[in-house]
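A quick write-up on the structure given underneath.
Residue numbers (my numbering): 264 to 690.
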């Protein structure tokens, strides 16, 4: 009973201090609250004459100035705290500090427990995209109603890739619409079980756009279209043919989905005339169901890459792995080994960056030194090319330039061999 009375009295004293600081307006408001409180308390069961006496003393007691000038015994007596007790000493010390504080200072805000915030480290930050070539490509895309995965997936390298000089700029066109039938937890592309129908003019519009740009290398990718019988394979193949008919020297990479495991779709795209076949593993085997839509699968993706190589042994195949989603080094190593065992030539490794708060959280920001390590391991495992860095993505400009040089050298070698054979035949 005594403790309850003391706590009530202390609370009332604190209200009185606040009234003293607030001035007449605050006093009026406090009086109104006091009347309301008194009215409510009148209907409540009596808590004892001592408690009522303490409340009355607190409501009419001294203000802050009186507390500052009075002795400890007076303050203690007003609040019903025994003189000389630890409670009395603590209370007087608190009010003395309060009296000495700046009355104009902003009140302290109540703070809950601190949340763990994963800040983006300096090595994972990029400049905003700009430049004349960047502006021209974006304008052409708008005119023709085309989408790019660069924009839809919020790629950090968009300015670098689009803004290159003539023959070095690259772009990744996303065909078959901007709405995916799957919902991978890392991906910023919007989803729906019933996306709009395919645009039959898209292959032609895409080829027209690419022919206008100063590109040396173009990547075609797409949303997953599980609503289509062939997963969009025929649409993919037609787009490649339209581009090649207008610009035969244009290097074309197709970054496809898994066609729901239908390898005939893989064959159709692989035989369309493209130069590079890419399909992303995204993550290690253990995390497939956590990171990707459950209709995707680790071995299903490996089989896509394997089949593309079987259909066209000269085709460069490529895949990509995200880091920072909870994988271990041993799992990354095994994934790279599995890719090599299935004939994959090129691999890229990059940092997962959370597109929005509604997407999967970043488990770790992998240090650049670790990315350098994976680049070296890629060379040791026999990949023709390994791109590894925080901002590296599956369609990465530097990688495309390197692959482009490989393809051009290969073409030059084939031409030389054909000429030599022709000369030998005529001799």
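Even glycine gets a Cβ: it sits at the ideal position worked out from N, Cα and C.
Asked, Found
"Simplified DSSP state of residue 527, which is helix, strand or coil", "helix"
"Continuous alpha helix (DSSP H) stretch holding residue 641: start and end", "631 to 644"
"Three-state class that DSSP yields for residue 591 in the structure shown", "coil"
"Spatially closest choice to residue 448 from 675, 442, 624, by CA coordinates", "624"
"Backbone CA spacing between residue 607 and residue 573 [nearest angstrom]", "11 Å"
"Start and end residues, beta strand (DSSP E) containing residue 482", "478 to 485"
"Check whether residue 656 and residue 596 have beta carbons under 8 Å apart", "no"
"Nearest to residue 540 (by Cα), restricted to the options 579, 588, 506", "579"
"Residue 464, buried or exposed, once every other Cβ within 10 Å from all chains shown has been counted against 16", "exposed"
"CB contact flag (residue 575, residue 604, <8 Å)", "no"
"Beta-bridge partners of residue 614, as assigned by DSSP", "586"
"Counted within 10 angstroms of its Cβ, other Cβ atoms place residue 571 as buried (16 or more) or exposed", "buried"
"Residue 469 - DSSP class collapsed to helix/strand/coil", "helix"
"Cβ pair count under 8 Å reaching 3, the region 506 to 513 against the region 541 to 550", "no"
"Exposure label - residue 674; buried when at least 16 CB within 10 Å", "exposed"
"Cβ separation of residue 494 and residue 538, assumed to be a contact under 8 Å, to the nearest whole Å", "Contact flag wrong, Cβ pair sits at about 21 Å."
"Cα-Cα separation, residue 535 to residue 681", "23 Å"
"Cβ-Cβ distance between residue 519 and residue 542 below 8 Å", "yes"
"Top-ranked residue by Cα proximity to residue 677, from 500, 475, 563, 577", "577"
"Beta-bridge partners of residue 651, as assigned by DSSP", "612"
"Which listed residue (645, 666, 671, 592) has its alpha carbon closest to that of residue 636", "592"
"Cα-Cα separation between residue 514 and residue 667, rounded to whole angstroms", "7 Å"
"Given residue 477 as reference, the closest of 687, 434, 453, 444 once Cα atoms are compared", "434"
"Near the ligand HEM: residue 533 beta-carbon under 7 Å from a heavy atom", "Annotation note on the ligand HEM: not contained in the displayed structure, which lists no ligands."
"Interface flag, residue 460 vs chain D, CB-CB below 8 Å", "Of the protein chains in the structure, only one exists, and it is not chain D."
"Nearest neighbour of residue 527, chosen from 630, 496, 554, 670 [CA to CA]", "496"
"Beta bridge counterpart(s) of residue 453 as assigned by DSSP", "442"
"Reference residue 481; option with closest CA among 616, 621, 436", "436"
"Through-space distance from residue 471 to residue 567, alpha-carbon basis", "29 Å"
"Helix, strand or coil at residue 559 [DSSP, three-state]", "coil"
"Straight-line gap, residue 652 to residue 584 (C-alpha atoms, nearest Å)", "11 Å"
"From 687, 670, 684, residue whose alpha carbon lies closest to that of residue 512", "670"
"Cross-strand partners of residue 517 (DSSP beta bridge)", "483, 540"
"Endpoints, alpha helix (DSSP H) assigned at residue 657", "Note, residue 657: premise wrong, no alpha helix (DSSP H); not H, not E."
"Residue environment, residue 469, which counts as buried when at least 16 other CB atoms sit within 10 Å", "buried"
"Closest residue to residue 544 among 502, 601, 501, 504 (Cα-Cα distance)", "601"
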